[in-house]
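J.: Quick one: structure below, then a few questions.
Residue numbers (our numbering): 323 to 572.
Below is the structure:
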C-alpha cells in the first residue's frame with residue numbers, strides 16, 4: 323500500500339542500513355536492509371509518517387490522481403544529529419508550477435523506527451509534523467523534496483522551489499540549517515513526559531540557485547585534486563631520495 327518512489331538510504335547508530343521511501347497511499351515507509359543493500363530477510367516495509375491520521379475526516383481531495391489518494395506525503399529524508407533522527411518529508415503537491423503547494427515538514431525521534439514527534443508531541447504517523455520551510459510567495463510559490471547534509475561541519479538543506487520570478491519554473495534552493503543544541507533553551511516537554519519535543523529548525527538564507535551549488539562542488543573537487551597531486555608528488559620525491567641513497571651509498 324505504497325508508491326515505491328523517492329528512496330533515501332540512511333545508516334543508523336549500529337551501522338545498519340535502512341531505506342525510507344514513498345509515498346501517498348499509506349504514507350512514508352521504512353525497511354531495514356542487509357549488507358548488500360537488499361531488503362533484509364524476513365522484513366517488510368512499515369509506515370512511519372502520514373499526511374493525515376487514518377481517522378481524519380477533514381481530508382482534501384487529490385487534484386492530480388484518483389489512484390494515489392489524498393495522503394499527500396512523499397520524499398522522506400532522515401538526518402541523524404546529536405542523538406536524534408530527524409525525518410523530513412514533503413507535504414501536498416509538487417510539479418504544477420505556480421499551482422504547486424509543496425512544503426517541508428519535520429519530526430524527530432531517538433530511534434530510527436520512530437515514533438517521530440513534532441513540537442506538540444504529535445506523532446507523524448498520525449499526521450503530525452512541524453513546517454520547516456514553505457513558499458514565501460515572494461521568491462517561491464512552494465518548496466519541497468529536500469535533503470540535509472553536513473558540509474564542513476555544518477548542516478545544509480537542499481531542495482527545489484517553484485520560482486515566482488520564473489513563472490513557476492523549478493530552481494535549486496540551498497539553506498543553512500541550525501538544529502537546536504542540546505544545551506540551548508528548548509520548548510517544554512509534553513505532559514506525557516516524552517523527551518521527543520520540538521524538532522525546531524532555524525533556516526538562514528544563503529546564495530540561491532544552481533551556480534552557488536556548482537561553485538561549491540567545483541571548489542571542493544579542485545581542493546581534493548590538489549591534495550591528491552600533492553600526495554603523488556611526496557611519494558615521487560621520497561622514492562627518488564631512497565633510490566639515490568641506495569645507488570650512491572658506496
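For every residue, glycine included, the Cβ atom is placed at its ideal position computed from N, Cα and C. These numbers were taken from a predicted model, which means no experiment stands behind them.
Rounded to whole angstroms, what's the CA-CA distance from residue 436 to residue 389? Just pull it up for me.
T.: Each residue's Cα considered, the two are about 28 Å apart.
J.: Identify every residue that forms a DSSP beta bridge with residue 403.
T.: The partner list for residue 403 (beta bridge, DSSP) reads 406.
J.: Three Cβ pairs or more, each shorter than 8 Å: is that satisfied between the stretch 326-338 and the stretch 397-406?
T.: Yes: the two stretches touch, three or more of their Cβ pairs being nearer than 8 Å.
J.: Please list the terminal residues of the continuous beta strand (DSSP E) segment that includes residue 471.
T.: First-last of the beta strand (DSSP E) with residue 471: 462-473.
J.: State the CB to CB distance for the pair residue 438 and residue 464, rounded to an integer number of angstroms; the pair is presumed to be in contact (CB under 8 Å).
T.: Contact flag wrong, Cβ pair sits at about 23 Å.
J.: In the DSSP assignment, find the beta strand (DSSP E) that holds residue 480 and state where it starts and stops.
T.: Segment 476-485, the beta strand (DSSP E) holding residue 480.
J.: Shortest alpha-carbon distance to residue 358 belongs to which of 415, 416, 500 and 341?
T.: Of the candidates 415, 416, 500 and 341, the one whose C-alpha sits nearest the C-alpha of residue 358 is 341.
J.: Please find out if some non-hydrogen atom of the ligand SAH comes closer than 7 Å to the beta-carbon of residue 420.
T.: Ligands in the displayed structure: none, and consequently the ligand SAH is not present.
J.: In angstroms, rounded to a whole number, what distance separates the CA positions of residue 489 and residue 462?
T.: For residue 489 and residue 462, the distance between alpha carbons rounds to 10 Å.
J.: According to DSSP, is residue 419 helix, strand or coil?
T.: Helix.
J.: Which of the three DSSP states is assigned to residue 498 in this structure?
T.: Note: residue 498 maps to strand in three-state DSSP.
J.: Spatial neighbours of residue 365 within its chain, please: CB distance less than 7 Å, with the 5 preceding and 5 following residues excluded, ordered by chain position.
T.: Answer for residue 365: 353 and 354, listed in chain order.
J.: What do you get for residue 351, buried or exposed, if any count of 16 or more other CB atoms within 10 angstroms of its CB means buried?
T.: Label assigned to residue 351: buried.
J.: Tell me, to the nearest whole angstrom, how far the beta carbon of residue 486 is from that of residue 496; I am working on the premise that it is less than 8 Å.
T.: Contact doesn't hold; Cβ gap of about 18 Å is too wide.
J.: When you compare only the Cα positions, how much space is there between residue 410 and residue 334?
T.: Cα-Cα distance, rounded: 16 Å.
J.: Need the endpoints of the beta strand (DSSP E) that residue 330 sits in, please.
T.: Segment 330-333, the beta strand (DSSP E) holding residue 330.
J.: Tell me where the beta strand (DSSP E) around residue 340 begins and ends.
T.: Its beta strand (DSSP E) spans residues 339-343.
J.: If you check the beta carbons only, do residue 466 and residue 434 fall under 8 Å apart?
T.: Their beta carbons are not under 8 Å apart, which means residue 466 does not touch residue 434 by this criterion.
J.: Can you tell which of 458, 391 and 377 has its C-alpha closest to the C-alpha of residue 424?
T.: The shortest Cα separation from residue 424 among 458, 391 and 377 belongs to 458.
J.: Going by DSSP in three states, residue 447 sits in which element: helix, strand or coil?
T.: Here residue 447 sits in helix by DSSP.
J.: From the DSSP output, read off the bridge partner residues of residue 413.
T.: Paired residue(s): 395 and 425.
J.: For the beta strand (DSSP E) containing residue 327, name the first residue and the last one.
T.: Element bounds for residue 327: n/a, residue is neither H nor E.
J.: With 16 as the cutoff for other CB atoms within 10 Å, does residue 509 come out buried or exposed?
T.: Confidence at residue 509 is low in this model, with a pLDDT of 40, below 50, so its placement is unreliable and no value can be given for it.
J.: Can you pull the DSSP bridge partners for residue 456?
T.: The partner list for residue 456 (beta bridge, DSSP) reads 425.
J.: Since residue 373 and residue 429 are thought to touch, with beta carbons under 8 Å apart, how far apart are those beta carbons, to the nearest angstrom?
T.: Not a contact, Cβ separation roughly 13 Å.
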